[in-house]
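Below: one structure, written as structure tokens.
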Amino acid sequence: MVSVKEQFDRLREAGECALIPFITAGDPDLATTAQALQVLDSSGADLIELGVPYADPLADGPTIQAAATRSLQKGTTLEAVLDLVKTVSPKISAPIILFTYYNPVLNRGVETFLKDIYAAGARGLVIPDLPLEEMDSLLIAAEQIGIAVILLVAPTSPEERMQKIVARSQGFVYLVSVTGVTGVRQEIANRVEGLLAELHKVTDKPIGVGFGVSEPAQAKQLKDWGADGVIVGSAIVKRLASGTPAEGLAAIGEFCTQLKAAIQ
Amino acid sequence: MTLTPLSKPTTSPLNDTPNNALTLAARPDKLGRFGRFGGKYVPETLMPALKELEEAYYQHRDQADFQTELNGLLKDYVGRANPLYFAERLTQYYAPKSKGQNGSGPQIYLKREDLNHTGAHKINNALGQVLLANRMGKKRIIAETGAGQHGVATATVCARFGIECVIYMGVEDMQRQALNVFRMKLLGATVTPVSAGSGTLKDATSEAIRDWVTNVETTHYILGSVAGPHPYPMMVRDFHGVIGTETRAQCLEKWGGKPDLLLACVGGGSNAMGLFHEFVEDSEVRMIGIEAAGEGAETDKHAATLTKGRVGVLHGAMSYLLQNSEGQVTEAHSISAGLDYPGVGPEHSYFKDLGRAEYYSVTDAEALEAFQLVSRLEGIIPALETAHAFAYLETLCPTLTNERIVINCSGRGDKDVQTIAKVLNFE
Chain Y
1 MVSVKEQFDR
11 LREAGECALI
21 PFITAGDPDL
31 ATTAQALQVL
41 DSSGADLIEL
51 GVPYADPLAD
61 GPTIQAAATR
71 SLQKGTTLEA
81 VLDLVKTVSP
91 KISAPIILFT
101 YYNPVLNRGV
111 ETFLKDIYAA
121 GARGLVIPDL
131 PLEEMDSLLI
141 AAEQIGIAVI
151 LLVAPTSPEE
161 RMQKIVARSQ
171 GFVYLVSVTG
181 VTGVRQEIAN
191 RVEGLLAELH
201 KVTDKPIGVG
211 FGVSEPAQAK
221 QLKDWGADGV
231 IVGSAIVKRL
241 ASGTPAEGLA
251 AIGEFCTQLK
261 AAIQ
Chain X
1 MTLTPLSKPT
11 TSPLNDTPNN
21 ALTLAARPDK
31 LGRFGRFGGK
41 YVPETLMPAL
51 KELEEAYYQH
61 RDQADFQTEL
71 NGLLKDYVGR
81 ANPLYFAERL
91 TQYYAPKSKG
101 QNGSGPQIYL
111 KREDLNHTGA
121 HKINNALGQV
131 LLANRMGKKR
141 IIAETGAGQH
151 GVATATVCAR
161 FGIECVIYMG
171 VEDMQRQALN
181 VFRMKLLGAT
191 VTPVSAGSGT
201 LKDATSEAIR
211 DWVTNVETTH
221 YILGSVAGPH
231 PYPMMVRDFH
241 GVIGTETRAQ
251 CLEKWGGKPD
261 LLLACVGGGS
271 NAMGLFHEFV
281 EDSEVRMIGI
291 EAAGEGAETD
301 KHAATLTKGR
311 VGVLHGAMSY
321 LLQNSEGQVT
331 EAHSISAGLD
341 YPGVGPEHSY
351 FKDLGRAEYY
361 SVTDAEALEA
371 FQLVSRLEGI
381 IPALETAHAF
391 AYLETLCPTL
401 TNERIVINCS
411 GRGDKDVQTI
421 AKVLNFE
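Chains as they are written, first to last, in the UniProt record's numbering: chain Y, 1 to 264; chain X, 1 to 427.
So, in structure tokens, the structure goes:
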């Protein structure tokens, strides 16, 4: 399994922008999630963010909140998500990045959690409610274990803080494109262009942009502004949840192909 | 009486005596930690806003114009200082149940926060924060509410200062606290129903935080308890510290000493912390917090976070937390909307671990008994939240002789009469 960094290195060499779709594990059920991972992988996804469902997803808008609620109602557990990753990750080429809130990590024990997800085959980790200040021990452990912890930069992050975050982020830097929660938005704010330029000035690490990206045209816009990766969440989750699982899978495959074509 | 709500330095080194058994370090430290509790566990977007708020708070809190405005409004608008009332008939009622000789027993005093404007302690904090928001140039205020008391207090101060106000409230709570929903609307606030999760305080708080993440550049979030990310637990505690400072002065005036015991209910824990903070260094003063045991702390329907929870992270702070084996936050249950919360303020968790405060729980049924008892004996209808503190007298008094207890009578029960009527099948 390739690491997040190796994947970005390969893409950079090929002059490609990474497509990073997000889905919530267990919505509508784990069997569909397993299929969805493979569909995304074969439809142009370069890395895949897999959301561990959480009951209080502070950083998520209505679409992903609802997906997490549905998944938890089905009884999805962290253990089951790890089993799923273990089964699917050898069959796909896109590295899996887990997206989880901090309490389930803390609950399992930080080091145990990192070792378990690595053993299952995940290679990256995003924890949206764990800011730089609280992250020291987790970052050190993750580096040893081989999990890339991807840190978030927000439009509100002052320059000095942004530099510190960028310096510690592993694999790539996750630029949040809006002051807000996840969700489909009509437009990408113009200030993202400036933020991307600012980030590239202070780091060689790849920059992935997420929160609010929902159309191929927006993805292309971000690529043109200098994004090294585009993260698409709610727009995928919504498509996967509409209709039967088979219809949902077909819809995300088609959408993923369009997105990738737009940023190639 | 002088009103000096913020006179206690919040970062004083309390462990300067080498023999101090309690290593009560500066509370909180620079990172906003109370021992291992507290901190800031929020999305990155909010981190700069929390820093801005912390800086604004430190900048303004001790300034003369801020103090003058706050103290003036606490006196003339809120009606402080409120009395420390000797509950004579409640004292008589418990005397025979106590270990006191010849008809004597523990002396019960009530700190009458229920007499504040808007009917609860919550306005102390709402007022302090709205003055701060004004100085920070924020044009919009948001808040979460459970029982509606904090929502009403926030809507009130927003009306007073002409600021736009949005209150997030769980749909379940909107039903059981319909009167307070109406009050907030009358005061010009927008009440936004939250149907996610259990439709209670936890979910309303999450939704308020999401609003803040989205509108952080124009909006101030008036968090209503000693919970949430730093600096809220410290700031909310300090604004409620007036409860304790008045109590100390009133005890001195009435009997020339300190209280022996402090007793208060704990949901997030703001009224308890407001009373306790002044006395933390007086190690001879026992501090007791009472949580809601709902249908019983041994059932899965309770809100006894400190009694039954494990350490976790919720709404930006590390603290005790009701959660399942997966680390998913579980739903709390209490008849009282204000205590129906699976988390608790981090400083309470710190006090629990240090043994500086004791925490127990009482059930819905016990709180209902106390609600009626206090109404009949004292002519004071307490809030259902407050009734939990009173209910613990049943357990506490038989262990006491003639100690002086101060109960924080944190709110009045007008808002609860419909709920109670339904439960008790009143005609």
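Don't be surprised by glycine CBs; every beta carbon is placed ideally from N, CA and C. Quick caveat: nothing in here was measured; it's all calculated off a predicted structure.
Report task. Can you grab the Cα-Cα spacing for the pair C109 of chain Y / I117 of chain Y, in whole Å? Result -> Numbered from 1 along the first sequence, position 109 holds the residue referred to as residue 109 of chain Y. Numbered from 1 along the first sequence, position 117 holds the residue referred to as residue 117 of chain Y. Per the sequence shown, the amino acid found at residue 109 of chain Y is Gly instead of Cys. Roughly 12 Å separates the two Cα atoms.
**Report entry** Where T24 of chain Y meets chain X, residues with beta-carbon distance less than 8 Å
**Finding:** Position 24 of the first sequence, counted from the start, is the residue given in the question as residue 24 of chain Y. Within chain X, no residue comes near T24 of chain Y; the closest Cβ sits about 14 Å away, beyond 8 Å.
**Report entry** In chain order, each alpha helix (DSSP H) run of at least 4 residues that lies wholly inside the stretch 114-168 of chain X
**Finding:** 123-135, 149-161
Query - Contact set for R310 of chain X: own chain, Cβ-Cβ below 8 Å, skip 5 residues either direction - result: What you label residue 310 of chain X is simply residue 310 of the second sequence in a count that begins at 1. Excluding residues within five positions, the ones whose Cβ falls inside 8 Å are Y320, L321, Q323.
Query raised in the report: Could one say the Cβ of G194 of chain Y lies closer than 9 Å to chain X's Cβ atoms, at least one of them?
Result: As a working mapping, residue 194 of chain Y is identified with position 194 in the first sequence. G194 of chain Y does not count as touching chain X.
Query raised in the report: Is the shortest distance between the beta-carbon of Q35 of chain Y and the beta-carbons of chain X less than 9 Å?
Result: For the purposes of this step, residue 35 of chain Y is identified with residue 35 of the first sequence, where counting begins at 1. Not one chain X Cβ lies under 9 Å of Q35 of chain Y.
Query raised in the report: Just reading off the beta strand (DSSP E) that R183 of chain X is part of, what are its end residues?
Result: Start at 1 with the first residue of the second sequence, and residue 183 of chain X comes out as number 183. If you look at R183 of chain X, you'll find it isn't in any beta strand (DSSP E); it sits in the alpha helix (DSSP H) that goes 178-186.
Requested in this report: Excluding the 5 residues preceding and the 5 following R70 of chain Y in the sequence, name in chain order all residues of the same chain whose CB lies nearer than 7 Å to its CB.
Outcome: Position 70 of the first sequence holds residue 70 of chain Y. Closer than 7 Å at the Cβ level, and outside the excluded window around R70 of chain Y, lie D27, P28.
Requested in this report: Determine which residues of the stretch 34-61 of chain X have a Cβ less than 9 Å from any Cβ of chain Y, and write them out in chain order.
Outcome: G39, K40, Y41, V42, P43, E44, T45, L46, M47, P48, A49, K51
Query raised in the report: Would you say N180 of chain X reaches chain B, if we count a Cβ-Cβ gap shorter than 9 Å as a contact?
Result: Among the chains of the structure shown, chain B does not appear; the protein chains present are Y and X.
Query raised in the report: Run through DSSP, which three-state label would E358 of chain X get?
Result: In the second sequence, counting from the first residue as 1, residue 358 of chain X sits at position 358. Residue state, collapsed to three classes: strand.
Query raised in the report: What are the residues that DSSP puts in a beta bridge with L152 of chain Y?
Result: Here the question's residue 152 of chain Y lines up with position 152 in the first sequence. According to DSSP, L152 of chain Y bridges with Y:Y174.
**Report entry** Residue from X:Y341, X:V417, X:Y58, X:E331 with nearest C-alpha to L368 of chain X
**Finding:** Numbered from 1 along the second sequence, position 368 holds the residue referred to as residue 368 of chain X. Ranking the options by Cα distance to L368 of chain X, first place goes to X:V417.
Query raised in the report: When we look at the beta-carbon of I140 of chain Y and count the other beta-carbons within 10 Å, is it buried (16 or more) or exposed?
Result: Locating residue 140 of chain Y in the first sequence gives position 140, counting from the first residue. Classification for I140 of chain Y: exposed.
Query raised in the report: Going by C-alpha distance, which of X:N425, X:F239, X:Q175 is nearest S336 of chain X?
Result: Mapped onto the second sequence, residue 336 of chain X falls at position 336. Residue X:Q175 is the option with its Cα nearest to S336 of chain X.
Query raised in the report: In or out: R61 of chain X buried (at least 16 other Cβ within 10 Å) or exposed?
Result: Looking up residue 61 of chain X in the second sequence gives position 61. Answer is buried; the Cβ neighbour count reaches 16.
Query raised in the report: DSSP on E198 of chain Y, reduced to helix/strand/coil?
Result: Within the first sequence, residue 198 of chain Y is the residue found at index 198, counting from 1. DSSP places E198 of chain Y in helix when its eight states are reduced to three.
Requested in this report: Below 8 Å on the Cβ atoms is my guess for F239 of chain X versus N134 of chain X; work out the distance and round it to an integer in Å.
Outcome: Within the second sequence, residue 239 of chain X is the residue found at index 239, counting from 1. Within the second sequence, residue 134 of chain X is the residue found at index 134, counting from 1. With 8 Å as the limit, F239 of chain X and N134 of chain X do not qualify as a contact, their Cβ atoms being about 15 Å apart.
Query raised in the report: Mind pulling the chain X residues with CB within less than 8 Å of R108 of chain Y?
Result: Numbered from its first residue, the first sequence carries residue 108 of chain Y at position 108. Correct list: G327.
**Report entry** As assigned by DSSP and simplified to three states, the class of N190 of chain Y
**Finding:** By 1-based counting over the first sequence, the position of residue 190 of chain Y is 190. If DSSP states are grouped into helix, strand and coil, N190 of chain Y belongs with coil.
Report task. Identify each residue in the stretch 177-189 of chain Y for which the Cβ-Cβ distance to at least one residue of chain X is less than 9 Å, and report them in chain order. Result -> V178, T179, G180, V181
Query - Contacts around residue 453 of chain X, its chain only, beta-carbon distance under 7 Å, and the 5 residues preceding and following it disregarded - result: In the structure as shown, chain X starts at 1 and stops at 427, and residue 453 of chain X therefore has no counterpart that could be examined.
Requested in this report: Give the residues from the stretch 44-68 of chain Y that approach chain X closer than 9 Å (Cβ to any Cβ), ordered along the chain.
Outcome: P53, Y54, A55, D56, P57, L58, A59, D60, G61, P62, Q65, A66
Query raised in the report: Which residues in the same chain as P43 of chain X place their Cβ atom closer than 7 Å to its Cβ, once the five residues preceding and following it in sequence are excluded?
Result: Mapped onto the second sequence, residue 43 of chain X falls at position 43. Result list for P43 of chain X: V213, in chain order.
Query raised in the report: By Cβ distance, which residues of its chain are closer than 7 Å to K86 of chain Y, with the 5 residues on each side in sequence left out?
Result: Position 86 of the first sequence, counted from the first residue, corresponds to residue 86 of chain Y. Answer for K86 of chain Y: A120, G121, listed in chain order.
Requested in this report: Could you tell me the distance, in whole angstroms, from the CA atom of T401 of chain X to the CA atom of Q107 of chain X?
Outcome: Translated into positions along the second sequence, residue 401 of chain X becomes position 401. Translated into positions along the second sequence, residue 107 of chain X becomes position 107. Between T401 of chain X and Q107 of chain X, the C-alpha separation is close to 9 Å.
Query raised in the report: Quick one: which chain Y residues come within Cβ less than 8 Å of E217 of chain X?
Result: Counted from its first residue, the second sequence places residue 217 of chain X at position 217. Within chain Y, the residues placing a beta-carbon under 8 Å from that of E217 of chain X are T156, T179, ordered along the chain.
Requested in this report: Throw me the rounded Cβ distance for the G208 of chain Y and I48 of chain Y pair, which I believe falls under 8 Å.
Outcome: Mapped onto the first sequence, residue 208 of chain Y falls at position 208. Mapped onto the first sequence, residue 48 of chain Y falls at position 48. In fact, because the Cβ distance is near 12 Å, the residues do not count as touching under 8 Å.
Report task. State buried or exposed for V157 of chain X, treating a residue as buried only when at least 16 other CB atoms are found within 10 Å of its CB. Result -> Mapped onto the second sequence, residue 157 of chain X falls at position 157. So V157 of chain X ends up on the buried side.
Query - C-beta contact flag for G119 of chain X and V152 of chain X at 9 Å - result: For the purposes of this step, residue 119 of chain X is taken as residue 119 along the second sequence, with counting starting at 1. For the purposes of this step, residue 152 of chain X is taken as residue 152 along the second sequence, with counting starting at 1. In contact: G119 of chain X and V152 of chain X (Cβ atoms closer than 9 Å).
Query raised in the report: Rounded to a whole number of angstroms, what is the C-alpha to C-alpha distance between A21 of chain X and I420 of chain X?
Result: Position 21 of the second sequence holds residue 21 of chain X. Position 420 of the second sequence holds residue 420 of chain X. Because the pLDDT of A21 of chain X is 41, which lies under 50, any placement of that residue in the model is unreliable, and the question is left without a value.
Report task. Tell me whether E284 of chain X is buried or exposed, calling it buried when 16 or more other Cβ atoms sit within 10 Å of its Cβ. Result -> Against the second sequence, residue 284 of chain X aligns to sequence position 284. By the Cβ-count criterion, E284 of chain X is exposed, with fewer than 16 other Cβ atoms from all chains shown falling within 10 Å of its own Cβ.
**Report entry** Candidates Y:N103, Y:E143, Y:V178, of which the one nearest I127 of chain Y by Cα
**Finding:** As a first step, residue 127 of chain Y is located in the first sequence; it is residue number 127 there, counting from the start. For I127 of chain Y, the nearest C-alpha among the options comes from Y:N103.
Report task. Going by CA-CA distance only, name the one from X:F161, X:Q149, X:E164 that's closest to A178 of chain X. Result -> For this step, residue 178 of chain X is matched to residue 178 along the second sequence. Of the listed residues, the one whose Cα sits closest to A178 of chain X is X:Q149.
Query raised in the report: According to DSSP, is P231 of chain X helix, strand or coil?
Result: For the purposes of this step, residue 231 of chain X is taken as residue 231 along the second sequence, with counting starting at 1. If DSSP states are grouped into helix, strand and coil, P231 of chain X belongs with coil.
Query raised in the report: Between the stretch 140-153 of chain Y and chain X, which residues of the former have CB atoms less than 9 Å from a CB of the latter, in chain order?
Result: L151, L152, V153
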